[in-house]
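Working notes, beginning with the structure itself.
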Amino acid sequence: MSPQHTEFVKRNESYVASFGGKDALPMPPAKKLIVVTCMDARLDPAAHLGLKEGDAHVIRNAGGCVRDALRSLVISQRLLGTREIAVFHHTDCGMLTFTSDALRRIVKDAAPGDAAVAARVDEIDFLEFEDLHASVKEDVAWVTGEALLLPETTVTGWVYDVKSGRVVQVV
Numbered sequence: 001m002s003p004q005h006t007e008f009v010k011r012n013e014s015y016v017a018s019f020g021g022k023d024a025l026p027m028p029p030a031k032k033l034i035v036v037t038c039m040d041a042r043l044d045p046a047a048h049l050g051l052k053e054g055d056a057h058v059i060r061n062a063g064g065c066v067r068d069a070l071r072s073l074v075i076s077q078r079l080l081g082t083r084e085i086a087v088f089h090h091t092d093c094g095m096l097t098f099t100s101d102a103l104r105r106i107v108k109d110a111a112p113g114d115a116a117v118a119a120r121v122d123e124i125d126f127l128e129f130e131d132l133h134a135s136v137k138e139d140v141a142w143v144t145g146e147a148l149l150l151p152e153t154t155v156t157g158w159v160y161d162v163k164s165g166r167v168v169q170v171v
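Numbered as in UniProt numbering, the sequence shown ends at 171 without a single skipped number.
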């Protein structure tokens, strides 16, 4: 398989051809919404939530963890006017399949004797979880209590089902 970046310009041509008036979209999201979701390649949050370019900020990371998204959440709220946060986790998430200790061992085993790698990976909490619904509730509680975010923020928690495409509100 050739490196994917070698096809970026070619693949971009069809997007550019239908770009239309997107250059006129304002920087702040029209719906004043932030969606925090997982980086899983099976998820297309714009498609499954009916969002268009310019509607929302979509922040993606492993597991859709709000703690990992704090910097972006603060910027989105304080500089760009968002007032609603929707936390989305999903079924069949990789974050349900490991522990931080196990991942640390994998990284260390790949770099035997490298003290810098060992020290650095030991500093990381990979924020894995065992219970999907509980993790959504924990993230909503954490973001609701975060002092850097605006207290009037509406925060909801959701699960996306990768088998059916359905979303279900948890909180």
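Glycine included, every Cβ here is placed at the ideal spot set by N, Cα and C.
Only a predicted model underlies this, so the values are computations on that prediction, with no experimental measurement involved.
Would you check if the distance between the CB atom of residue i and the CB atom of residue j is smaller than 9 angstroms?
{"i": "Glu53", "j": "Ala47", "result": "no"}
{"i": "Asp125", "j": "His89", "result": "no"}
{"i": "Leu127", "j": "Arg67", "result": "yes"}
{"i": "Cys38", "j": "Gly20", "result": "no"}
Is residue i near the ligand SAH, judged by its Cβ being under 8 angstroms from some heavy atom?
{"i": "Ala41", "result": "Looking for the ligand SAH in the displayed structure turns up nothing, as the structure carries no ligands at all."}
Could you work out which residue in the options is closest to residue i when comparing CA atoms only?
{"i": "residue 172", "options": "Phe98, Asp68 and Val74", "result": "Within the shown structure, residues of the chain are numbered from 1 to 171, placing residue 172 beyond reach of any answer."}
{"i": "Val170", "options": "Ile106, Ser76, Trp158 and Glu128", "result": "Trp158"}
{"i": "Leu132", "options": "Val162, Pro29, Cys93 and Ala62", "result": "Cys93"}
{"i": "Asn61", "options": "Asp55, Arg78 and Ala41", "result": "Ala41"}
At what residues does the alpha helix (DSSP H) containing residue i begin and finish?
{"i": "Glu138", "result": "Leu132 to Gly145"}
{"i": "Phe8", "result": "Phe8 to Ala17"}
{"i": "Val171", "result": "That residue, Val171, is in no alpha helix (DSSP H); it is neither H nor E in DSSP."}
Under three-state DSSP, which class holds residue i?
{"i": "Arg120", "result": "helix"}
{"i": "Ala47", "result": "helix"}
For the beta strand (DSSP E) that residue i lies in, which residues bound it at each end?
{"i": "Arg60", "result": "Ala56 to Asn61"}
{"i": "Ala102", "result": "Run containing Ala102: none in the beta strand (DSSP E); it sits in the alpha helix (DSSP H), Ser100 to Ala110."}
Assess contact between the segment 75 to 94 and the segment 26 to 42, defined as three or more Cβ pairs (one per stretch) separated by less than 8 angstroms. Is contact present?
These segments touch.
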